[in-house]
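Input: a single structure, listed below in structure tokens.
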Amino acid sequence: MPVDFLTTEQTESYGRFTGEPDELQLARYFHLDEADKEFIGKSRGDHNRLGIALQIGCVRFLGTFLTDMNHIPSGVRHFTARQLGIRDITVLAEYGQRENTRREHAALIRQHYQYREFAWPWTFRLTRLLYTRSWISNERPGLLFDLATGWLMQHRITEILRQYFIRHCCK
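Counting from 1, position 54 in the sequence shown corresponds to residue 54 in the UniProt record's numbering; the numbering is continuous, with no gaps.
See below:
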């Protein structure tokens, strides 16, 4: 079933960087406090410490984990590396060479920061919210998509939203 309710901008920006985050966004999503640094410090090697720190920032900022670290703007990489005392960000090329590294780090981040998988009861709660909003308002699907994305991030739920939204809300 073709569903083209998202604008090109929404489709291209979901789960991706659309440019360099500004200073406020860097401070809000990519700042590492002492607890973050302690957690990150358990990883071996600068490449793993920088990689896991960037994954933490990405899940905070984008609501998803990235599989290709080359899509992270250089300003974000430098900002994060400076906080860890890493001068050479080219070490990031070594991150994830072992196939399971990113998956293991994502699982560690989910557990440590209490991110949830998109499963019961969260699927029910989001579905109820979207059906209610659809029933009482005349909001376009694109606005409901933005609402759902914000809701998922607020509740620390990581999952691909677009397929869920199409499957459940655009019937």
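Glycine residues also receive a C-beta, built at the ideal position from the N, C-alpha and C atoms.
Other residues of its chain near residue i: CB distance less than 8 Å, five sequence neighbours each side excluded
i: F79; result: L26 and F30
i: D68; result: none
i: E139; result: R133 and L147
i: D36; result: A53 and I56
Sheet register partners of residue i (DSSP bridge)
i: E117; result: T158
Contact set for residue i: own chain, Cβ-Cβ below 6 Å, skip 5 residues either direction
i: G96; result: R102
i: P73; result: F17 and E20
i: F65; result: Q55, V59 and A106
Spatial neighbours of residue i in its chain, beta-carbon cut-off 7 Å, leaving aside the 5 residues before and after
i: A53; result: L32, I40, T80 and L84
Per-residue burial, residue i [other beta carbons within 10 Å of its own, 16 or more giving buried]
i: P2; result: Low confidence applies here, because P2 scores a pLDDT of 44, under 50, leaving its location unreliable; read the following figure in that light. The residue is exposed, with fewer than 16 neighbouring Cβ atoms inside 10 Å.
i: Q154; result: exposed
i: G45; result: exposed
i: D22; result: exposed
i: T158; result: buried
i: N48; result: buried
Check whether residue i and residue j have beta carbons under 9 Å apart
i: G63; j: L143; result: no
i: R156; j: R98; result: no
i: Y14; j: T149; result: yes
Chain C within 9 Å of residue i, Cβ atoms only
i: I86; result: Of the protein chains in the structure, only one exists, and it is not chain C.
Problem - Contact the region 73 to 89 vs the region 111 to 124: 3+ CB pairs below 8 Å - result: Verdict: no, contact absent.
Handout entry: the region 117 to 135 touching the region 84 to 99, judged by at least three CB pairs closer than 8 Å
Key = These segments do not touch.
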